[in-house]
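Enquirer: This structure is in structure tokens; I'll ask about it shortly.
Protein chains: 2
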Amino acid sequence: MSNKQIIGFDADDTLWENEIFFYQAQRKFIELHPHIKDPEQAILQIEKKNIKFYGYGIKGFILSLLETSVRYSSNQPNFQNIDKIIKIGKEMLAQPIQLLPHAKDTLRHLSEHYTLIMITKGDLLDQQRKVEKSGLLKYFSSIEIVWEKDKQTYLEILQKNNISPKDFLMVGNSLKSDVLPVTKVGGTGIYIPHKFTWKHEEVDSTFDLDRFVELKNISDLKVWLKN
Amino acid sequence: MSNKQIIGFDADDTLWENEIFFYQAQRKFIELHPHIKDPEQAILQIEKKNIKFYGYGIKGFILSLLETSVRYSSNQPNFQNIDKIIKIGKEMLAQPIQLLPHAKDTLRHLSEHYTLIMITKGDLLDQQRKVEKSGLLKYFSSIEIVWEKDKQTYLEILQKNNISPKDFLMVGNSLKSDVLPVTKVGGTGIYIPHKFTWKHEEVDSTFDLDRFVELKNISDLKVWLKN
């Protein structure tokens, strides 16, 4: 390995499917609660209110679904639904990893030429389990599971690993978490949109276009890096 | 700082109160469910079954309490209890840090002579929040939030931080997590029992007594280290 560039990879919806399981769980919840008029909105409001308690991850999501069920079912409490939501949560937690197309091949190839680090947000246990199940661990020189992917977090990771920002590329499906903060610390953000995006993240800032790249597929990385 | 010894500190029930809040939450749960005959046993069984899904931490505990409520209340479902348990969880998550006596003074003193690292197990968000709220962050050169505190974990921490096992001391209230695995990798385990222990951990192994110290109080560390 001679290239001094370091490539950071987001994991959820960049290397493997993630949001789709939240979406599917939400569909099941909606089927169980036909009496809730605007269920997506109801869930979203409770999730937003709870983020300061629960953070990101499946357990917090399930606790928010349970709270939504209770709050919106006072006229027709259904105790079985509570049990069913808990089961939905366990199914999510036990869900096998579904790698995205070309993720493995691309990592295998790139790991021969670059130092790769995984930088992912969420519950420590959930994420560690996913990394281990994924079979991708061997391609990464380190795994960073962080609380929030903001400018400060990236600065700390660069400092800790002794990486110069100009040598740092970050690949991910989130403009807000993977691309924008990296461009702001002087690195390059490589945006690979995920085909399944039901809730758009709002990004207010403008991009430094010199530090921003959009690719269609993770397999395009090999080609782009050679240019 | 000239001393090459590195001191690892457990956090929950070593530096601040923790188990007591789980205990108090369990008391509240029991009051809400007078119809459950052996509630401690009921909760414990469900917690044990769920550890592989939820890991350690408040959110998993609350999900287990919710499941216990549902499973043991089929004859008299009480929807309000679900709401109350969710509230108990949020109170736990918002609970201010209660430092244990002498924890702060001891850390302040030791940090002038030794390199201190915090090694704690649990949910990443919960633990990061606690570390930040505790005001103790400044005494530690690094914080390790780990999934499981076993031999392998300690070996990895020692390796990552370039620490020789013979220079490593680990201070904590758990024989199983803080003391035993550290003695097994060649470090010294310093056991400081917590006054509040309602569920004893089982430890099968015998100790290498050369590598094991029991102190009554964290403030005794200063005296012991001088010997």
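Protein chains in written order, with the working numbering: chain A, 1 to 227; chain B, 1001 to 1227. We put the beta carbon where it would ideally sit given N, CA and C, even for glycine.
(1) Could you work out which residue in A:189, A:93 and A:69 is closest to residue 174 of chain A when comparing CA atoms only?
(2) Within the chosen definition, does the region 1168-1186 of chain B reach the region 1209-1220 of chain B through at least 3 CB pairs nearer than 8 Å?
(3) Can you give me the C-alpha to C-alpha distance between residue 185 of chain A and residue 79 of chain A, rounded to a whole angstrom?
(4) Measure the C-alpha to C-alpha separation of residue 1028 of chain B and residue 1067 of chain B and round it to an integer number of angstroms.
(5) Is it true that the CB of residue 1010 of chain B sits closer than 8 Å to the CB of residue 1058 of chain B?
(6) Give me, in chain order, the residues of the same chain whose beta-carbon lies closer than 6 Å to that of residue 103 of chain A; leave out the 5 immediate sequence neighbours on both sides.
(7) Given a threshold of 16 other Cβ atoms within 10 Å of its Cβ, counted over all protein chains shown, does residue 1012 of chain B qualify as buried or as exposed?
(8) Can you check which of these residues, B:1170, B:1158, B:1122 and B:1112, is closest to residue 1019 of chain B by C-alpha distance?
(9) What's the call for residue 1098 of chain B, buried or exposed, on a 16-neighbour Cβ count within 10 Å?
(10) For residue 1106 of chain B, which residues in the same chain have their Cβ closer than 8 Å to its Cβ, ignoring the five residues on either side in sequence?
(11) Can you pull the DSSP bridge partners for residue 142 of chain A?
(12) Quick one: does the C-beta of residue 1154 of chain B sit closer than 7 Å to a heavy atom of the ligand ZN?
(13) Check whether the region 60-77 of chain A touches the region 33-49 of chain A, counting contact only when three or more Cβ pairs, one atom from each stretch, lie closer than 8 Å.
(14) DSSP state of residue 190 of chain A, grouped into three classes?
(15) Just checking, does the region 1083-1095 of chain B make contact with the region 81-100 of chain A on the three C-beta pairs under 8 Å criterion?
(16) Measure the beta-carbon distance from residue 157 of chain A to residue 119 of chain A and round it to whole angstroms, keeping in mind my assumption that it falls under 8 Å.
(17) From which residue to which residue does the beta strand (DSSP E) around residue 951 of chain B run?
(18) Note down, one range per segment and in chain order, each alpha helix (DSSP H) of at least 4 residues found wholly within the region 1036-1117 of chain B.
(19) Mark residue 124 of chain A as exposed unless 16 or more other C-beta atoms lie within 10 angstroms of its C-beta, in which case mark it buried.
(20) Let me check one thing: in DSSP terms, what residues is residue 213 of chain A bridge-paired to?
(21) What number of angstroms, rounded off, separates the C-alpha of residue 1073 of chain B from the C-alpha of residue 64 of chain A?
(22) When the cut-off is 8 Å and only beta carbons count, does residue 1090 of chain B lie next to chain A?
(23) Relative to the C-alpha of residue 140 of chain A, which candidate in A:43, A:116 and A:134 has its C-alpha closest?
(24) Taking residue 147 of chain A as the query, report the chain B residues whose CB atoms sit under 7 Å from its CB, ordered along the chain.
(25) Helix, strand or coil for residue 1006 of chain B, going by three-state DSSP, please let me know.
(26) Expressed to the nearest angstrom, what Euclidean distance is found between the alpha-carbon atoms of residue 47 of chain A and residue 1095 of chain B?
(27) According to the neighbour-count rule (16 or more other Cβ atoms, all chains shown, within 10 Å of its Cβ), is residue 52 of chain A buried or exposed?
(28) Mapping the DSSP letters down to three states, classify residue 1182 of chain B as helix, strand or coil.
(29) So residue 942 of chain B contacts chain A; which residues on that side make the cut at Cβ distance below 7 Å?
(30) What are the partner residues of residue 168 of chain A, as DSSP defines its beta bridges?
(31) Exposed or buried, residue 50 of chain A, counting other C-beta atoms within 10 Å across all chains shown (16 or more means buried)?
(32) Could you tell me how far apart the beta carbons of residue 1167 of chain B and residue 1004 of chain B are, in whole angstroms, since I believe they sit closer than 8 Å?
(33) Buried or exposed: where does residue 137 of chain A fall if 16 or more other Cβ atoms within 10 Å of its Cβ makes it buried?
(34) Please report the distance separating the alpha-carbon of residue 1171 of chain B from that of residue 1161 of chain B.
(35) Can you tell me where the alpha helix (DSSP H) holding residue 224 of chain A begins and where it ends?
(36) Look at the alpha carbon of residue 192 of chain A and the alpha carbon of residue 215 of chain A, and state the distance between them as a whole number of angstroms.
Expert: Taking the structure as given:
(1) Comparing C-alpha distances from residue 174 of chain A to each of A:189, A:93 and A:69 shows the shortest one belongs to A:189.
(2) Touching, yes, given that three or more Cβ pairs across the two stretches are closer than 8 Å.
(3) Rounded to the nearest whole angstrom, the CA to CA distance from residue 185 of chain A to residue 79 of chain A is 50 Å.
(4) Approximately 15 Å between the Cα atoms of the pair.
(5) Their beta carbons are not under 8 Å apart, which means residue 1058 of chain B does not touch residue 1010 of chain B by this criterion.
(6) Once the five neighbours on either side are set aside, the close Cβ partners of residue 103 of chain A are 15 and 218.
(7) Buried, because 16 or more other Cβ atoms sit within 10 Å of the Cβ of residue 1012 of chain B.
(8) Ranking the options by Cα distance to residue 1019 of chain B, first place goes to B:1122.
(9) Exposed, by the Cβ-count rule.
(10) Result list for residue 1106 of chain B: 1218, 1219, 1221 and 1222, in chain order.
(11) Answer is A:117.
(12) No copy of the ligand ZN occurs in the structure displayed, which carries no ligand at all.
(13) Because the criterion of three Cβ pairs below 8 Å is met, the region 60-77 of chain A and the region 33-49 of chain A touch.
(14) Reduced to three states, the DSSP call for residue 190 of chain A is strand.
(15) In this structure the region 1083-1095 of chain B does not lie against the region 81-100 of chain A, because fewer than three pairs of beta carbons, one per stretch, are closer than 8 Å.
(16) About 6 Å; that satisfies the 8 Å criterion.
(17) Any question about residue 951 of chain B goes unanswered here, given that chain B covers just 1001 to 1227.
(18) Assignment of alpha helix (DSSP H) within the region 1036-1117 of chain B, counting only whole runs of 4 or more residues, yields 1039-1054, 1058-1071, 1079-1094 and 1103-1111 in chain order.
(19) With 16 or more neighbouring CB atoms inside 10 Å of its own CB, residue 124 of chain A falls in the buried class.
(20) Paired residue(s): A:190.
(21) Taking the CA atoms as reference points, residue 1073 of chain B sits about 22 Å from residue 64 of chain A.
(22) Closer than 8 Å to some Cβ of chain A, the Cβ of residue 1090 of chain B qualifies, so yes.
(23) With distances taken between Cα atoms, residue 140 of chain A lies closest to A:116.
(24) The answer, in chain order, is 1124, 1125 and 1128.
(25) Note: residue 1006 of chain B maps to strand in three-state DSSP.
(26) Whole-angstrom Cα-Cα distance: 20 Å.
(27) With fewer than 16 other Cβ atoms within 10 Å, it is exposed.
(28) DSSP places residue 1182 of chain B in helix when its eight states are reduced to three.
(29) Only positions 1001 to 1227 of chain B appear in the structure, and residue 942 of chain B is not among them; the question remains open.
(30) When beta bridges are read from the DSSP output, residue 168 of chain A appears opposite A:6.
(31) So residue 50 of chain A counts as buried.
(32) Correct: roughly 5 Å between the Cβ atoms.
(33) Counting C-beta atoms within 10 angstroms of its own C-beta, residue 137 of chain A has fewer than 16 neighbours from the protein chains shown and is therefore classed as exposed.
(34) Those two C-alpha atoms are separated by around 17 Å.
(35) Start and end: 220-226.
(36) The straight-line gap from Cα to Cα measures roughly 5 Å.
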